[in-house]
Amino acid sequence: MAKLSIYFHTLKYLKFTQVYHRILKRFIHPKVNSVIGVQALSHGKWVTQELYDQKFLNETDVEFLNHKGAVHSISDWNNDKEEKLWLYNLHYFDDLNSLGSQNRKTLQKYWVDKWIDENPASGKGNGWESYTLSLRVVNWTKALLSGLGADEIILNSLAQQADFLSQDLEKHLLGNHYFVNLKALLFAGCFFKGKEADIWLALALKGYESELKEQVLGDGGSFELTPMYHTIMLTDLLDLYNLFNTFPSRVSENLVELTKQTIIKMFGWLHIMNLGDGKLSFFNDSAFCIAPENKTLREYAAKLGFTISELKIPEEALLIHNLQNSGYVSVKSTEINLIADLAPVGPSYIPGHAHADSLTFELSLGKSRIFVNSGTSLYGMSNERLRQRGTSAHNTVEINSQNSSEVWSGFRVARRANIGNRVVGRVTPEQTVEFSARHNGYKKQGINCIHHRTWNISLNTCEIKDFLQGDFTSAFGYLHLHPDIKVISCDSNKCIFNSEEYEIELKVIGADLALDDSTWHPEFGVVVSSKKLTLNYKEPRVSYQINWKKR
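Read in order, the letters of the sequence shown are residues 81 to 631 in our numbering.
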């Protein structure tokens, strides 16, 4: 019965088109066709930007997700001893647009030829799945535009891959998968000429504008509600704007302008959601070294003619950013960066990258991260994947040992929290600001309890007040410390710890405080030992008083 409930509360959010295309995929399969790839003439200049770390180390050795491997034989492309995500990365060919690419063209051409020789056009294997096809089609095309050197074999293979992809768009998933499918067809449709290229381009244009308008919210955030996937999509749009300028006759001026304005909005959201070190905050599935660095994207945008400026923050002043569409709240000063998750679980019909993290927050002082969410070190189906998605891996409250939303499997969510009573105030003349919200995630899972949380922030303090309205057997709050934080002392109601620049004091009322071991996951394949503060709630009302001063 419990399993039926999980399936029901997961499937009820799906769109009809997802269900329809999932059924369709069982009966209709893409065909491998021979396609002659004829490169179109460009009327603009492609702008080359190196985005990633090197992946192909030599003619056999590779490194993805902080794990080294090798391709010695055909079977190694689909080696079931490797993690699925690692194998996908092997087929992406991000290396073609990585740092130092211009000095490794011979090695990169070797790997392209190797892939063609050892991944026959059978439509089988990791390299022929739609998502991997999409990323590889784009990476190969960008490399060819950047001077890799196109021969007939490569052009025909690339065209064949685009044709196969055009028959197998991921409409059963939608979201970021479908968007990168469209991106790949836009690239192939512009790069090639002929009847097939026109079909790919028309198919992509049919979905691109509507997906762009749906997937980028009014405040500039990606509807995946994760800074990492937001940055990935921003990279996609910079690539597409680059492509449209290279082949200006293939798309309308209105579509180019829409893409341009969306890029500007997305940079604005990204700046607001950065912490003091200028890097991504960790909400939902987020980690470093998957998307390009923020500074790299600013360089790319500048090359394309954008003027992207950093946020200006006055001295001795607080700024609050209420991202109403995506749900986050950010408070900044020249010293403080606090970001709070008052966001829904989303998108409702594809919440695969959502965590049970309602009302969590992250805080940095200066360039040092203080309180951090767990990050993400792996995908797939495992207890560790579930733990990293769970409530206790975030800076919020776990009631009766349940997650605030019912995350399950690797990428599923059943009953999920709704945010209510969301109130975001303005900064007072005394430079204080308050905001609050509640969620009903536990009540939706049969626990008669609502979690209310209020933040009150000044230039050197942050007070967090929790109210657990209703009945509960146990409640634990968590504050995860960045690994660089040094704990000086800790007792049942007070803890003192240092960052590089600040001394921070935490006082707790209504709960017993303990210092426990934890882990932080800043990159895939990386586990860093850290500490967490565990608060055992003794009363329904608990407050945290956080004070800091320069050391």
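Positions of the beta carbon are idealized from the N, C-alpha and C atoms, including for glycine.
Scanning P602, K95 and F267 for the CA closest to the CA of S454 turns up P602. The alpha-carbon separation between L94 and Q295 amounts to approximately 16 Å. When C-beta atoms of the segment 554-561 are compared with those of the segment 615-625, three or more pairs fall below 8 Å, so the two segments count as touching. The beta carbon of L398 sits closer than 8 Å to those of V411, K412, S413, I416, V507, Q511, T512, V513, I537, S538 and L539, all from its chain and outside the five residues before and after it, given in chain order. Counting of Cβ neighbours within 10 angstroms places V99 among the exposed residues, the total staying below 16. In the DSSP assignment, S210 falls within the unbroken alpha helix (DSSP H) covering S210 to L225. Cβ atoms of Q129 and L179 stay farther apart than 8 Å, at about 11 Å. Non-local beta-carbon contacts of Y429 in its own chain, meaning distances under 6 Å to residues more than five positions away in sequence, involve Y93, L94 and K95 in chain order.
Residues L228 and G229 of the same chain have their beta carbon placed closer than 7 Å to that of K189, with the five preceding and five following residues left out of the count.
When the alpha-carbon of L225 is set against those of R469, L145 and K185, the nearest one is in K185. Taken through DSSP and simplified to helix, strand or coil, T614 comes out as strand.
When C-alpha distances from A420 are compared across P427, Y408 and P431, the shortest belongs to Y408. DSSP, read as helix, strand or coil, puts K412 in strand.
Looking only at S489, L384, L254 and L418, the smallest Cα-Cα distance to F451 is reached by L418.
Using a C-beta cut-off of 8 Å, the segment 355-375 makes contact with the segment 299-319, since at least three inter-stretch Cβ pairs fall below that distance.
A residue is called buried once 16 or more other Cβ atoms fall within 10 Å of its Cβ, and S329, having fewer, is exposed. Scanning the segment 457-512 for uninterrupted beta strand (DSSP E) segments of 3 residues or longer gives 477-479 and 499-504, listed from N- to C-terminal end. Boundaries of the alpha helix (DSSP H) around I234: E232 to S246. Excluding sequence positions up to five before and after D278, its CB lies less than 6 Å from no other CB in the same chain. Minimum Cα-Cα distance from E337 among the listed residues G356, R502 and L317 corresponds to L317. In this structure, S485 keeps its C-beta atom at 8 Å or more from the C-beta atom of G432.
At the C-beta level, W349 and G300 come within 8 Å of one another. DSSP assignment within the segment 275-315 yields the following whole alpha helix (DSSP H) runs of 4 residues or more, N-terminal first: 275-295. A direct Cα-to-Cα measurement between Q404 and R533 gives close to 17 Å. Checking the DSSP bridge columns, you'll see F441 partnered with A420.
In the DSSP assignment, T186 falls within the unbroken alpha helix (DSSP H) covering K185 to E198.
Residue pairing by DSSP places G550 opposite C529 in a beta bridge. Closest option to S572, judged by alpha-carbon separation, among K375, Y624, I233 and V218: Y624. Judged by their CB atoms, R495 and H89 are nearer to each other than the 8 Å cut-off. Non-local C-beta neighbours of G500 in its own chain, meaning closer than 8 Å and more than five positions away in sequence, comprise A517, R518, H519 and N520, ordered along the chain. Residue burial annotation: G460 is exposed, with fewer than 16 other C-beta atoms found within 10 angstroms of its C-beta.
According to the DSSP secondary-structure assignment, T541 is paired through a beta bridge with N627. Q247 is positioned such that its CB atom lies no closer than 8 Å to that of V115. Annotation: E250 is outside any beta strand (DSSP E) and is labelled neither H nor E by DSSP. Taking the CA atoms as reference points, V112 sits about 12 Å from N236.
Closest in alpha carbon position to G255, among T471, K105, T306 and A242, is T306.
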